[in-house]
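Take a look at the structure below.
Numbering (my numbering), first residue to last: 830 to 1156.
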């Protein structure tokens, strides 16, 4: 395995799937392959084109605004659902930022595959089917990636979702535990005072709703983060560069239904053994949610300034967490 002490150069950066979000019909499309032109890159680009929406339906970006460049780290290990997860990110982000450029990475399945932060406005650390407390080499590589990002790119914006929320919390000294009761389906996220200030569209209701799908949770908050929601459901770093959610703004009902089978392991029932419980679960998954509002707020936040003082404190918190983990 190659050394991962530095980010990839522009020549070999693993920008494997960039869509803006749909290539026009002309040969000069808006799909940008990496400069290496390797076969895997070509296959992924072809997949992007095949799954793209009709370009005639796409609105033009507002004058003077560049499309957001977003790197998405998909952390599910050998999951057959990865194509569906990519599709869910495309749909939900595309509904809010139709010209966003998405690049997908799979560090769990391709060790050492990480984005070069120079090329992106936002990095998303997504969900996983693996316990974040495990010490698998690829998980430790993700920890190192987060640390390097904070140290070398203090202004870069990072969002953690579900497993990403738990992993970032762990890197900064938080503690992840098994949840007393797993969550599946749409649920309310109750906002703190700081959360109501941050999510201004949800301030009146003091909450918003997101798809949930987890059986682990953050029990001890990470150092240097402000809780935007109760029960450690959402955190914002003091540097204003890291935002994390236990819930899934990227998950729509179509994608959530693909994991209904987890009810057998999590709750001990399925459609045959308990029809009423299954119907309630289906209703929860199909409940309207505020994922679109959350994405809008995330993309506003990406453009907001960082805090240099908060960044220095963030690095100190990171160092303290690293020392504590070695004790």
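Using N, Cα and C, we set each Cβ at its ideal position, and we do this for glycine too.
- Boundaries of the beta strand (DSSP E) around residue 1072: 1071-1074.
- Between residue 988 and residue 998, the C-beta spacing is not below 8 Å.
- Listed in chain order, the beta strand (DSSP E) runs fully inside the segment 1046-1097 are 1054-1058, 1063-1066 and 1071-1074, counting runs of at least 3 residues.
- Look at residue 962 here: in three-state DSSP terms it is coil, with no helix or strand label.
- Secondary structure of residue 1141 (DSSP, three-state): helix.
- Just so you know, the alpha carbons of residue 990 and residue 1078 end up roughly 8 Å apart.
- Taking 4 residues as the shortest admissible run, the segment 970-1058 contains the following complete alpha helix (DSSP H) segments, listed from N- to C-terminal end: 992-1000 and 1022-1027.
- Selection 981, 933 and 1015 evaluated against residue 1084 yields 1015 as nearest (Cα-Cα).
- Take the alpha-carbon of residue 1062 and the one of residue 1037: they are about 11 Å apart.
- For a cut-off of 8 Å, the C-beta gap from residue 1080 to residue 1043 is around 11 Å, too long to register as a contact.
- Listed in chain order, the alpha helix (DSSP H) runs fully inside the segment 885-941 are 911-925, counting runs of at least 4 residues.
- Segment contact: the segment 1132-1143 against the segment 1093-1101, fewer than three CB-CB distances shorter than 8 Å; contact not assigned.
- The residue from 1147, 1120, 1151 and 1023 with its alpha-carbon nearest to that of residue 1017 is 1120.
- At the C-beta level, residue 900 and residue 944 come within 8 Å of one another.
- Each residue's CA atom was taken as its position, placing residue 927 and residue 915 some 15 Å apart.
- The Cβ-Cβ distance between residue 957 and residue 917 does not fall below 8 Å.
- Unbroken alpha helix (DSSP H) stretches of 4 residues or longer found wholly inside the segment 1094-1134: 1104-1114 and 1120-1131, given in chain order.
- Nearest in C-alpha terms to residue 1019, of all of 978, 930 and 1064, is 1064.
- Shown here for residue 898: same chain residues with a beta carbon closer than 7 Å to its own, the five before and five after excluded, namely 930, 948, 949 and 950 in chain order.
- With distances taken between CA atoms, residue 986 lies nearest to 975 out of 1111, 1092, 1146 and 975.
- The beta carbon of residue 993 is closer than 6 Å to those of 954 and 955 in its chain, skipping five residues each way along the sequence.
- DSSP lists 899 and 986 as the beta-bridge partner residues of residue 951.
- Separation of residue 942 and residue 1102 (C-alpha to C-alpha, rounded to the nearest whole angstrom) is 42 Å.
- Looking at 1132, 1069, 1108 and 1112, the one whose alpha-carbon comes closest to that of residue 1138 is 1069.
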